[in-house]
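Each remark here refers to the structure printed beneath this line.
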Amino acid sequence: MDTPTAILANAAAALRESPFDDISYRTLGDAVGVSERTVYRHFPTRSHLLEGVAGWIESTEFPLPPFVTILQFQEASRARFLAFDSSPAFAFVCARAASISPTGESEATFFTRALVAMLATNHPSVNERDLRRVAAALRYFASAQFWARMRTGFDMSAPEISDVFDRTVVQVLSRLPTLSRTSR
Amino acid sequence: MSVTSERDDRSAENVNRTQEAILAAYAELIEELGTDDVSFRLIARRAGVGERTIFRNYATRVDLLLAAAAWIERRIFPRQDSPSIFDMPLTIRAAMESYDHRPELAHVVAETTMRGISGATPSPRRAMLEEIIDAEIPALGDAERRAIVAALAHLDSAATWVTFRREFGMTRSDIADAAAWAAEAVLDPIRSRVG
């Protein structure tokens with residue numbers, strides 16, 4: 001395991017004990033066996049670290065099952081909400097990282113690209129603009145951010161969060177055909 | 185439409201003049217430098233107070249950040265009261281445009297609402313949404329009411345603006361349009377049930 005990956009793995013492990021803001025660069029360096037300066041070289045600011053840790057968590061703890069149909073997408077999202085419920089500290093870090101001002105070039109995540117591809121395949125006649133509106137709404141309601149806000153703001157569990165999610169998916173998709181025909 | 189929420193006014197009054205100066209200075213510096221580089225010394229100088237005054241009001245950096253996020257949401261991104269739940273798409277459209285004018289501050293508001301119980305309140309307008317929906321569509325079932333309020337509260341947030349911009353590279357008007365459109369979709373099933 002290379003040094004940056006080791007730092008991220010250690011930071012993720014530390015999240016089981018303490019909140020992200022309490023994890024110091026010095027502790028991370030000690031855990032990995034490098035100097036604090038080395039940690040700073042790889043992660044110049046805490047925003048870089050936050051994004052790095054979130055990326056590590058997404059790939060190790062919350063891998064996204066493949067989906068090619070809307071139903072598979074809904075199933076994958078429900079499974080993720082359940083996974084968020086069982087590792088809330090991890091899920092909140094992912095939600096935070098997705099909300100900060102991006103540290104590098106901002107580009108669409110794999111999840112977003114998979115969603116756009118799925119919609120384009122299943123709704124070939126829909127115009128680009130409507131497709132993006134639908135994709136954006138579905139993406140936002142499938143996100144860790146949605147889970148985080150429903151959990152703290154509405155005290156909802158994963159099944160309740162999935163219920164709101166499913167309703168929104170149905171409503172958003174039901175607007176598609178009318179819109180593409182009349183271009184309202 | 186032109187009445188600012190009383191609830192917002194009350195919570196804004198909980199901030200005294202010194203705190204107001206500190207939070208305003210911090211918000212300015214965030215826009216100039218980003219959240220990482222702003223030292224307490226710099227905030228103190230800009231606010232015209234001593235560094236110790238900041239610590240007395242906000243013991244930790246996180247306390248200061250959360251207070252600033254709440255202040256930014258109320259002062260920089262205020263909402264108009266909606267007389268009808270069906271005005272929410274317009275409210276959301278306007279909110280998205282205001283977030284796009286102050287991107288750094290929008291990111292601060294979005295991020296602090298994602299911190300779980302130790303963060304800023306993630307749904308500050310929930311009670312307002314529940315009130316207008318109860319007044320307008322009293323017969324709505326509990327589950328449906330909760331789902332609609334939750335979905336609208338979620339769309340009416342800085343995090344919507346962040347996601348649409350980061351993940352889809354949308355322009356200001358595209359974001360406003362897409363968020364308002366999604367809110368219309370959420371409201372469609374209850375349009376015929378007013379009264």
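Going line by line, the protein sequences match chains A and B. If you're matching positions, the first sequence starts at 1 in the numbering used here and goes up one per residue. If you're matching positions, the second sequence starts at 185 in the numbering used here and goes up one per residue. Just so you know, even glycine gets a beta-carbon here, dropped at the ideal spot from N, CA and C.
Taking 7 Å as the limit between beta carbons, can you name the residues of its chain near residue i, skipping five residues before and five after?
i: E235 of chain B; result: F224, R225, A228
i: H42 of chain A; result: T3, P4, I7
i: L138 of chain A; result: L115, V169, V172
i: A31 of chain A; result: N10
i: I206 of chain B; result: I227, A231, V233, I238, N241
From what residue to what residue does the alpha helix (DSSP H) around residue i run?
i: F43 of chain A; result: Premise fails: F43 of chain A is in no alpha helix (DSSP H) and is neither H nor E.
i: D163 of chain A; result: 158-174
i: L213 of chain B; result: 201-217
i: H291 of chain B; result: 287-296
i: I7 of chain A; result: 3-14
i: S86 of chain A; result: 70-86
i: I23 of chain A; result: Unbroken run through I23 of chain A: none, as it is neither H nor E.
i: A334 of chain B; result: 326-339
i: I227 of chain B; result: 224-231
i: E257 of chain B; result: 245-259
i: E320 of chain B; result: 310-320
i: D130 of chain A; result: 128-141
i: N241 of chain B; result: 235-241
i: F348 of chain B; result: 342-352
i: F110 of chain A; result: 110-122
Could you confirm whether any beta carbon from chain B is found closer than 8 Å to the beta carbon of residue i?
i: A148 of chain A; result: yes
i: A137 of chain A; result: yes
i: I23 of chain A; result: no
i: Y140 of chain A; result: yes
i: P66 of chain A; result: no
i: R16 of chain A; result: no
i: Q74 of chain A; result: no
i: F92 of chain A; result: yes
i: A95 of chain A; result: yes
i: S59 of chain A; result: no
i: P63 of chain A; result: no
Does residue i come within less than 8 Å of chain A when only Cβ atoms are used?
i: F348 of chain B; result: yes
i: E216 of chain B; result: no
i: P373 of chain B; result: yes
i: I238 of chain B; result: no
i: E295 of chain B; result: yes
i: D192 of chain B; result: Note on D192 of chain B: pLDDT 44, under 50, position unreliable in the model; the coordinate value appears next. Answer no: the Cβ-Cβ gap between D192 of chain B and chain A never drops below 8 Å.
i: S189 of chain B; result: Summary for S189 of chain B: the model assigns pLDDT 43, below 50, so the residue's position carries little reliability; its value from the coordinates is reported in the next sentence. So, not an interface residue.
i: W365 of chain B; result: yes
i: R310 of chain B; result: yes
i: R299 of chain B; result: yes
i: T344 of chain B; result: yes
i: S357 of chain B; result: no
i: H338 of chain B; result: yes
i: V199 of chain B; result: no
Can you list the residues of chain B that residue i reaches, using a CB-CB cut of under 8 Å?
i: D163 of chain A; result: A327, A331
Consult DSSP for residue i and reduce its assignment to one of helix, strand or coil.
i: R375 of chain B; result: helix
Within the same chain, show all residues whose beta-carbon is closer than 8 Å to that of residue i, passing over the 5 residues directly before and after it, in chain order.
i: D361 of chain B; result: R277
i: T355 of chain B; result: none
i: G303 of chain B; result: L250, T296, T297
Going along chain A in order, which residues have a C-beta closer than 9 Å to the C-beta of residue i?
i: F352 of chain B; result: A108, T112, V116, R132, A135, A136, R139
Which same chain residues, not among the five before or five after residue i, have their C-beta less than 6 Å away from its C-beta?
i: D85 of chain A; result: A158
Cβ closer than 8 Å: which chain A residues qualify as neighbours of residue i?
i: P306 of chain B; result: A148, R149, T152, G153
i: E288 of chain B; result: S101
i: H291 of chain B; result: S99, I100, S101
i: A369 of chain B; result: A137, T168, Q171, V172, S174, R175
Show which residues of chain A have a CB atom less than 7 Å away from the CB atom of residue i.
i: D220 of chain B; result: T45, R46, S47
i: A335 of chain B; result: V164, T168
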